[in-house]
Amino acid sequence: MTKYLSLLLLFLFAVAPGQSAPEKRPNIVWIFSDDHAPNAIGAYGGRLKPYNITPNIDSLAKDGMIFDRAYVGNSICAPSRATLLTGKHSHKNGKFHNGDAFDHDQQQFQKILQKNGYQTAMIGKIHLNGAMQGFDYWEVLPGQGRYTNPQFITEEGKTEYEGHSTDIVTDRALNWLETGVDEEKPFMMMVHYKAPHRNWLPAERIMEEYRKKTFPEPETLFDTYEGRATASHVQDMSIDITMRMQGDLKVIPGSEREKYLQKYKPEGKDLVRWKYQAYMQDYLGCIAGVDENIGRLLTYLKDNNLEENTVVMYSSDQGFYLGEHGWFDKRFMYEESFRTPLIARWPGVIEPGQRNADLVQNIDFAETFLDIAGAPIPDDMQGKSLVPLLKGNTPDDWRKSLYYHYYEYPGVHSVLRHEGVFDGRHKLIRFYGTDVPDGEEWEMFDLKADPQEMNSIYSDPNQSEKVAEMKTELSRLKEYYEVPDDMGGLPKIIRRKKRAPANAKTLKFEFKKGQAVAGKDAPFIDGRGIELTVPFEYAGKDGVLFAQGGASTGYSLWIKDGQIQWSVSRHDGAKTLSSAEKLAPGSVTVTVRQEKSGNVSLTIGDKTEALGNSGGAFPNQPNESISIGDDSGSKITSYPGETKFPEEMGPVSVKLLK
Ligand code: CA
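For the sequence shown, position 517 (counting from the first letter as 1) is numbered 523 according to my numbering, and the numbering increases by one without interruption.
Right, dumping it as structure tokens:
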């Protein structure tokens, strides 16, 4: 207090009547990364803290304030960035999905800062196509940008720089500070790293070091999603199934990783553990690069006498799963991706070493920048300035709950659409849409009792009052933020992904003989194991019971001379496994189970036999659909006789295995 009082007195005495105050408004350096989980920042604690990966980010927390409850409104890259610039939720700024166009003409905080005498710059990844507005200088990565030798777009055109994206974003930022800034005016500079976004490629100098490390696993690495609604069961973002050996984990011919896999051939959980380690080595290596570069920025500010009058803030467009629930990626309203890091250093204003536990959200960032600059905050921005919180004075009427809404479905990673409310302890989530059973499913978690969100208590009769209370709060928030009633429609902005069908991860199917099934409704077998159960009448005639795909990928279950045959086609031909026993005439039920490893077992009645290995999981999704009681179109294998199965058969059930 004394310090501020003396500063104030100094100020009063220094300014003579009629003389204008010298320009003292603070500069703002906003540092933003992509997909940085709070769990991967030392200052947040957690299992990775002992590895000291983020000394420079940690120093910002030590000298300033760290927010333990900072969240996003829609956990995905480009929509989060649209919120950052507009101070509005997706339904107000129009950016629901990564693929939507962004309306640059709309109100954005930097336009207001500019009008109020700030110099504004945006350098790095913004992921909003089109020319930026409101920035005196902008130099951005096209789309996602590249890790190696990235290109940048400016108003003048495209330039390519040699080196690693994280280093170059910093170089370009320092270049602007050196050459672009008028020292008479305050500035707002946004430095946006692409790292640690998928496919997690660190600079080589760091990669070598990180590939020698081993990191602790999360407790929920082998989550089975029991006690939760459909969404977590059908997502496509698991380390086990979704994460690619070559594209994500850089298992390329001749690499150390490839040699290891060839030598030890880990399978099942061991393989997931190995993939998790490889993922962490590269992801955390990317973070180490970001941190190193933040160190360069902080050193520059210090060496150029900018440290005292510059607010430095660090955040990310959302959190990320580091193996929790068996996942990578984001999107869900669960803590790991809903939460985002937020740290601010403001010498003389923020008391060093503060931790804040108020509920803040990325709708607050734009207002905060404006407030720091003393610029007006438009009424239609939906968040609140964090400046009072930074000063240690949280207003009594500060928000008590947060609204969340994720829209990008159908889409990559198959996370069902959902919205929800979080009050700091209870979280209520509503999944909705055509692929949700009955069109709507709910979950509620008590994070105090269940911080990992493993057991939904939505249906617990003891919680019915709390559920009702949270539903009321959700309605209140939707009214407050003016969320349109029916967000289920949105026909304009929903784009179906070309390849992955809407039911990409539906786990159970049933098909009847003679039924026509469109390709998009066929089981999505890419990378999966499969279990097929077929009841039928056997009267001594051969034929195909069930087939999916064709000569290049797929499988068929058929009968030859009374013996069950399981054929799997791959690009290099088909392999057929046969049962030893002959079928006896009458009603039969056959179950074939092919694990992801390719191991096949056959159950006829109550007898199970191992058929051998068909060569592993399916390498891709077949273009051809399924045929029931036949193999029409392109055939899985060359059948010796008639393919049509002449007898009665019951519905075929198909289960996809993890
Ligand atoms: Ca992101």
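Where a beta carbon is used, it is the ideal one built from N, C-alpha and C, also for glycine.
Computed from a predicted model, the values in this text were never measured in an experiment.
Problem set entry | heavy atom of ligand 1 below 7 Å from H103 C-beta | Position 97 of the sequence shown, counted from the start, is the residue given in the question as residue 103. Checking every heavy atom of ligand 1 against the Cβ of H103, none is found closer than 7 Å.
Exercise. If you draw a straight line from the alpha carbon of R31 to that of D188, how long is it in whole angstroms?
Worked result: Here the question's residue 31 lines up with position 25 in the sequence shown. Here the question's residue 188 lines up with position 182 in the sequence shown. Going from the Cα of R31 to the Cα of D188 covers about 14 Å.
Exercise. Is DSSP giving V197 helix, strand or coil here?
Worked result: Residue mapping note: residue 197 aligns to position 191 of the sequence shown, counting from 1. Residue state, collapsed to three classes: strand.
Exercise. Taking only beta-carbon atoms, is A623 less than 8 Å away from chain D?
Worked result: The structure shown contains no chain D, having only a single protein chain.
For this session: Note the first and the last residue of the continuous beta strand (DSSP E) segment covering S244.
Result: Within the sequence shown, the letter at position 238 stands for residue 244. Going by DSSP, S244 is part of no beta strand (DSSP E) at all; its letter is neither H nor E.
Exercise. Is R250 buried or exposed, if buried means 16 or more other CB atoms sit within 10 Å of its CB?
Worked result: Sequence index remark: in the sequence shown, residue 250 carries index 244 (1-based). R250 should be labelled exposed.
For this session: Could you give the DSSP three-state label for W333: helix, strand or coil?
Result: Indexing the sequence shown from 1 puts residue 333 at position 327. In this structure, DSSP gives W333 an extended state, which the three-state scheme calls strand.
Problem set entry | Anticipated Cβ contact below 8 Å, H669 with Y487, distance rounded | Nothing in the structure corresponds to residue 669, since the chain is present only between 7 and 664.
For this session: Look at K547 and E653 and say whether their C-beta atoms are less than 8 Å apart.
Result: As a first step, residue 547 is located in the sequence shown; it is residue number 541 there, counting from the start. As a first step, residue 653 is located in the sequence shown; it is residue number 647 there, counting from the start. Against a cut-off of 8 Å, the Cβ pair of E653 and K547 comes out as a contact.
Exercise. What residue range is occupied by the uninterrupted beta strand (DSSP E) comprising T165?
Worked result: Here residue 165 is taken as the residue at index 159 of the sequence shown, counted from 1. Run containing T165: G163 to E166, per the beta strand (DSSP E) assignment.
Exercise. Which value, in whole angstroms, describes the spacing of the CA atoms of Q627 and I132?
Worked result: For the purposes of this step, residue 627 is taken as residue 621 along the sequence shown, with counting starting at 1. For the purposes of this step, residue 132 is taken as residue 126 along the sequence shown, with counting starting at 1. Roughly 33 Å between the two C-alpha positions.
Exercise. If D567 sits next to Q324, beta carbons under 8 Å apart, how far is it from one beta carbon to the other, in whole angstroms?
Worked result: To locate residue 567, count along the sequence shown from 1; it is residue 561. To locate residue 324, count along the sequence shown from 1; it is residue 318. D567 to Q324, Cβ: 58 Å. No contact.
Problem set entry | Stretch-stretch touch, CB-based, cutoff 8 Å, three pairs: the segment 219-230 with the segment 311-320 | No, they do not touch.
For this session: Provide the residue(s) that pair with F451 in DSSP beta bridges, ordered along the chain.
Result: The residue labelled residue 451 in the question sits at position 445 within the sequence shown. Its beta-bridge partners are K433.
Exercise. If we ignore side chains and look at the alpha-carbon of each, how far apart do P457 and L583 end up?
Worked result: Working through the sequence shown from its first residue, we reach residue 457 at position 451. Working through the sequence shown from its first residue, we reach residue 583 at position 577. Each residue's Cα considered, the two are about 47 Å apart.
Exercise. Any residues whose CB sits closer than 5 Å to a heavy atom of ligand 1? List them in chain order?
Worked result: D40, D41, C83 and D323
Exercise. Taking C-beta to C-beta, are V658 and I634 nearer than 8 Å?
Worked result: Locating residue 658 in the sequence shown gives position 652, counting from the first residue. Locating residue 634 in the sequence shown gives position 628, counting from the first residue. The answer is yes: Cβ separation under 8 Å.
Exercise. Is the segment 78-88 in contact with the segment 372-385, if contact means three or more CB pairs nearer than 8 Å?
Worked result: no
Exercise. Can you pull the DSSP bridge partners for Q367?
Worked result: Translated into positions along the sequence shown, residue 367 becomes position 361. Per DSSP, Y77.
For this session: State the DSSP-derived secondary structure class of P467, mapped to helix, strand or coil.
Result: Stepping through the sequence shown from its first residue, residue 467 is reached at position 461. P467 falls in the helix class under three-state DSSP.
Exercise. Between which two residues does the beta strand (DSSP E) carrying I82 extend?
Worked result: On the sequence shown, position 76 is the one that residue 82 refers to. Segment: none, I82 is in no beta strand (DSSP E) and carries neither H nor E.
Exercise. Quick one: Cα of S321 to Cα of G48, how far?
Worked result: Taking the sequence shown and counting its residues from 1, the one referred to as residue 321 is at position 315. Taking the sequence shown and counting its residues from 1, the one referred to as residue 48 is at position 42. One C-alpha to the other measures close to 14 Å.
Problem set entry | Reduced DSSP category for P541 - H, G, I as helix; E, B as strand; rest coil | Position 535 of the sequence shown holds residue 541. DSSP places P541 in strand when its eight states are reduced to three.
Problem set entry | Burial state of L662, where buried means 16 or more other Cβ atoms lie within 10 Å | Mapped onto the sequence shown, residue 662 falls at position 656. Burial call: buried.
For this session: Measure the C-alpha to C-alpha separation of A586 and W572 and round it to an integer number of angstroms.
Result: On the sequence shown, residue 586 is found 580 positions in, with the first residue counted as 1. On the sequence shown, residue 572 is found 566 positions in, with the first residue counted as 1. Spanning the two alpha carbons is a distance of roughly 12 Å.
Problem set entry | Reference K101; option with closest CA among D297, L134, R75 and P541 | As a first step, residue 101 must be located in the sequence shown, where it is residue number 95. Residue L134 is the option with its Cα nearest to K101.
For this session: Sort Y167, V197, Q114 and I159 by Cα distance to V35 and report the nearest one.
Result: What you label residue 35 is simply residue 29 of the sequence shown in a count that begins at 1. Ranking the options by Cα distance to V35, first place goes to V197.
For this session: Starting from T160, follow its DSSP beta bridges and name the residues at the other end.
Result: Along the sequence shown, read from residue 1 onward, the residue named residue 160 stands at position 154. Looking at the DSSP assignment, T160 forms a beta bridge with G163.
Exercise. Which ranges would you report for the alpha helix (DSSP H) in the segment 222-303 if only whole runs of at least 4 residues count?
Worked result: Those alpha helix (DSSP H) runs which fall completely within the segment 222-303 and span 4+ residues are 236-240 and 262-270.
For this session: Run the CB neighbour count on I72, radius 10 Å, all protein chains shown included, and call it buried at 16 or more, exposed below.
Result: Start at 1 with the first residue of the sequence shown, and residue 72 comes out as number 66. So I72 counts as buried.
For this session: Might you give, ordered along the chain, the residues of its own chain that have their beta carbon closer than 6 Å to the beta carbon of E516, omitting 5 neighbours on each side?
Result: Counting from one through the sequence shown, the residue named residue 516 turns up at place 510. The answer, listed in chain order, is P657 and S659.
Exercise. Quick one, which of N99, S631, S171 and N315 has its alpha-carbon nearest S39's?
Worked result: Sequence index remark: in the sequence shown, residue 39 carries index 33 (1-based). Considering only alpha carbons, the answer is S171.
For this session: Give the range of the beta strand (DSSP E) segment to which V666 is assigned.
Result: Shown here, the chain extends from 7 to 664; a query on residue 666 therefore has no answer.
Exercise. Which residues in the same chain as T60 place their Cβ atom closer than 6 Å to its Cβ, once the five residues preceding and following it in sequence are excluded?
Worked result: Within the sequence shown, residue 60 is the residue found at index 54, counting from 1. Answer for T60: I47, G48 and D297, listed in chain order.
For this session: Could you pull the start and end residues of the alpha helix (DSSP H) that E342 belongs to?
Result: Counting from one through the sequence shown, the residue named residue 342 turns up at place 336. Segment E341 to F344, the alpha helix (DSSP H) holding E342.
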